[in-house]
Structure formats: structure tokens, C-alpha cells
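Following the numbering used here, the numbering of the sequence shown begins with 176 at its first residue and continues without gaps.
Think of the CB as a built atom: it goes at the ideal place given N, C-alpha and C, for glycine as much as any other residue.
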Amino acid sequence: MENKTLEIIKKAILMEARGKALYMEVANKTNSPEVKKIFELMAAEEQMHIDFLSEQYKNYSKHGVFVKQNLNAKEDNDITKLILNVEIKEQISGAGFEAAAIEAAINFETKAIEYYSKRAEESVDIEEKNLFNWLSNWEKSHYELLIKLDKELTEKI
């Protein structure tokens, strides 16, 4: 039976891959250039999470420990500017494909936050704890941005 920690990392990689797939699907199907930019940026961020987690998986499977990684502070300036853009609010219908995708993304981010927060809380390894706290906080920023956009759509209706 595989190590529980490795299973947790694999599940986290899978969650990130699913998020990336969702965001790329929205980016590829939307008619809104602004929505496309937002979801492409979010997909790129999910890929970065996959890369961090994959590196930890490789190291943990070889050495049984997490490595210290440079987990820089999250900057949402690009996505925030796009979401606060008046043009995007005009391009999205509150009942359209993009709005449904935003709702699905909110649900996805909620599950990721819960999973990462729980793992950070349970971890005794400081590097593992740092990694999962970092991921949780990053996903919270995605969640908050999506909630802002959803609120704008609701008010538009």
C-alpha cells in the first residue's frame, strides 16, 4: 500500500489538473476575450501548483521528506484588474455559459481550500504545512475573485 502522504499529494495534483481543465475549457469556449484572459491566467496558476506538487511528490517518494520551496506571495493584480473591468461585466450574461462556469469554479475552489486547509492543519512536517497553507491561501484568492465576479453578475441581472 502506498504512503498516505504520497496519496494526498497525488489527490492534490489531480484536483489542480481538474481545475486547470475546467479553466481551459471555459477559456476555449467563451466568446468574451476578457473572460478568456481570466480563465487562461487561472489555468496557468493551476499548472504552477501542479509543478510544485509534482516536485514534492518526486522528492517525498525518494527521500521521505518535503523540500523547502520558494513559495512567493500571491499577486492577483492581473486577474483583479480584469475582473474589475467594466467591459467584462458587460460581456457576461448572468445566465450564460460563463456564469455557469464561474459557479462551477467557485465550487471547485471551495473544495480545494477545504482539502488544503485540512492537510495543513494535520501536517507535522513544517515544509508540508507551509506548502498546503500556501496552496489554500492561493485558492482562497481565486475563490474571492470568482465571488466578486459572480456578485457583479447577480447585480447586473
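1. How is residue 271 classed by DSSP in three states: helix, strand or coil?
2. Would DSSP call residue 239 helix, strand or coil?
3. Does the region 180-191 touch the region 201-210, meaning 3 or more C-beta pairs lie closer than 8 Å?
4. Of the residues 323, 293, 221 and 222, which one's Cα is nearest the Cα of residue 307?
5. Report yes if the CB atom of residue 156 is closer than 8 Å to the CB atom of residue 239, and no otherwise.
6. With 16 as the cutoff for other CB atoms within 10 Å, does residue 236 come out buried or exposed?
7. According to the neighbour-count rule (16 or more other Cβ atoms, all chains shown, within 10 Å of its Cβ), is residue 176 buried or exposed?
8. Terminal residues of the continuous alpha helix (DSSP H) containing residue 205?
9. With H, G and I counted as helix, E and B as strand and the rest as coil, what does DSSP make of residue 246?
For this structure:
1. coil
2. coil
3. no
4. 293
5. Nothing can be reported for residue 156, as the shown portion of the chain is limited to 176 through 332.
6. exposed
7. Residue placement at residue 176 is poorly supported in this model, since its pLDDT is 37, which falls under 50; the coordinates still yield a value, given next. Under this definition residue 176 is an exposed residue.
8. Looking at the DSSP string, residue 205 is not in any alpha helix (DSSP H), and its letter there is neither H nor E.
9. coil
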